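Here the structure is laid out as structure tokens; the discussion comes afterwards.
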Amino acid sequence: MSADYVIPAPPQPVIAVAGTSKTYPVRRIWCVGRNYIEHIREMGQDERLPPFYFAKAADMIVPDGGTVPYPSLTKDMHHEVELVVAIGKGGRNIPADKANDHIYGYAVGIDLTRRDLQIASRDLKRPWEVGKAFDHSAPCGAIKPAAESGHPKKGKITLKCNGQVRQDGDLEQLIWNVPEIIADLSKMVELAPGDIIMTGTPAGVAACIAGDKLECSVEGIGTVSVTIGQPLK
Ligand code: MN
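Just so we're on the same page, this note's numbering is the position in the sequence shown counted from 1, plus 61.
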């Protein structure tokens with residue numbers, strides 16, 4: 062039954078599912094900070110800390126082939142290619158050895174970051190939203206069901222900007238692996254179907270500008286490509 066909403070209900074954000082005409086409805090987007098050692102070093106941060114999380118809103122997703130308008134307020138938008146985990150079955154306090162049962166599939170995403178604003182917030186001990194959670198900040202390619210891909214423990218994760226390789230890592234370099242992240246995050250919040258987790262980026266993050274084409278891939282999982290467009294007026 063249609064609820065008595067006083068405004069139109071917002072559309073349900075979705076991600077394509079590879080090889081089908083079906084889609085995966087997105088509920089929440091969680092992101093893991095600092096999960097590859099070389100990226101921690103390039104950001105000058107402590108290498109031994111446990112994982113931590115930040116969030117983006119579901120409607121910040123950009124589909125494969127989409128355009129990301131260069132965001133407002135920044136002069137230093139960075140790309141961060143990441144393995145994305147799509148939760149298929151929810152839970153709290155999920156044990157790591159059961160975590161794979163909660164995964165619907167995997168995709169390739171980009172945690173776009175207004176680096177200048179993120180660093181300014183970090184230095185002021187303020188929240189990261191201004192740097193991380195902005196419109197069009199979460200490009201995500203089609204989800205490959207785990208029933209087809211299995212649960213990858215290694216495989217190349219790469220990002221090219223205008224054909225030049227900028228990020229070139231391997232999933233085996235994840236400090237906290239996917240089951241460990243699900244176990245840890247499900248202590249903080251209840252996970253539910255529709256939740257996706259961006260699992261952190263390898264080294265090589267760098268700025269992109271209007272006109273750049275970003276092409277990302279994770280071996281055995283898929284790809285995502287977006288173009289950076291002109292700022293919105
Ligand atoms: Mn990231």
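Note that CB positions come from ideal geometry on N, CA and C, so glycine has one too. In this text, all values refer to a predicted model and were calculated from it rather than measured experimentally.
Those residues which DSSP pairs with residue i across a bridge
i, result
"residue 97", "235"
"residue 212", "Bridge partners of residue 212: none, in fact."
"residue 162", "None, per the DSSP bridge assignment."
"residue 280", "Bridge partners of residue 280: none, in fact."
"residue 285", "277"
"residue 298", "Residue 298 cannot be examined here, being either before or after the span of the chain that is shown, 62 to 294."
"residue 230", "218"
"residue 269", "Beta-bridge pairing links residue 269 to no other residue."
"residue 206", "166"
"residue 252", "152"
"residue 225", "222"
"residue 290", "130"
"residue 89", "256"
Range of the contiguous alpha helix (DSSP H) that encloses residue i
i, result
"residue 180", "176-184"
"residue 192", "190-193"
Option nearest residue i by Cα separation, candidates the options
i, options, result
"residue 153", "163, 147, 223, 144", "163"
"residue 95", "243, 293, 235, 72", "235"
"residue 201", "103, 121, 113, 101", "121"
"residue 255", "276, 68, 242, 75", "75"
"residue 294", "79, 134, 244", "134"
"residue 258", "250, 264, 265", "250"
"residue 119", "186, 86, 244, 138", "86"
"residue 108", "99, 115, 132, 279", "99"
"residue 193", "204, 175, 207", "175"
"residue 243", "114, 179, 226", "114"
"residue 83", "247, 203, 123", "203"
"residue 130", "279, 280, 273, 284", "273"
"residue 73", "219, 81, 89, 188", "89"
"residue 179", "208, 139, 279, 165", "139"
"residue 288", "247, 222, 196, 238", "222"
"residue 150", "143, 165, 144", "165"
"residue 197", "279, 170, 253", "170"
"residue 195", "282, 132, 226", "132"
"residue 81", "238, 263, 209, 265", "209"
"residue 160", "212, 141, 123, 181", "212"
Element boundaries [beta strand (DSSP E), containing residue i]
i, result
"residue 129", "128-130"
"residue 85", "84-86"
"residue 220", "217-222"
"residue 139", "138-140"
"residue 116", "113-117"
"residue 259", "256-259"
"residue 124", "122-124"
"residue 200", "199-201"
"residue 155", "Here residue 155 belongs to no beta strand (DSSP E), and DSSP marks it neither H nor E."
"residue 76", "75-77"
Min CB distance residue i to chain D below 8 angstroms
i, result
"residue 82", "The structure shown contains no chain D; it holds only a single protein chain."
Heavy atom of the ligand SAM within 7 angstroms of residue i beta-carbon
i, result
"residue 200", "For the structure depicted, the ligand SAM is absent and the ligand set comprises only the ligand MN."
Check: Among all residues, which have a Cβ less than 5 angstroms from at least one non-hydrogen atom of the ligand MN, and in what chain order do they fall?
Finding: 141, 172, 262
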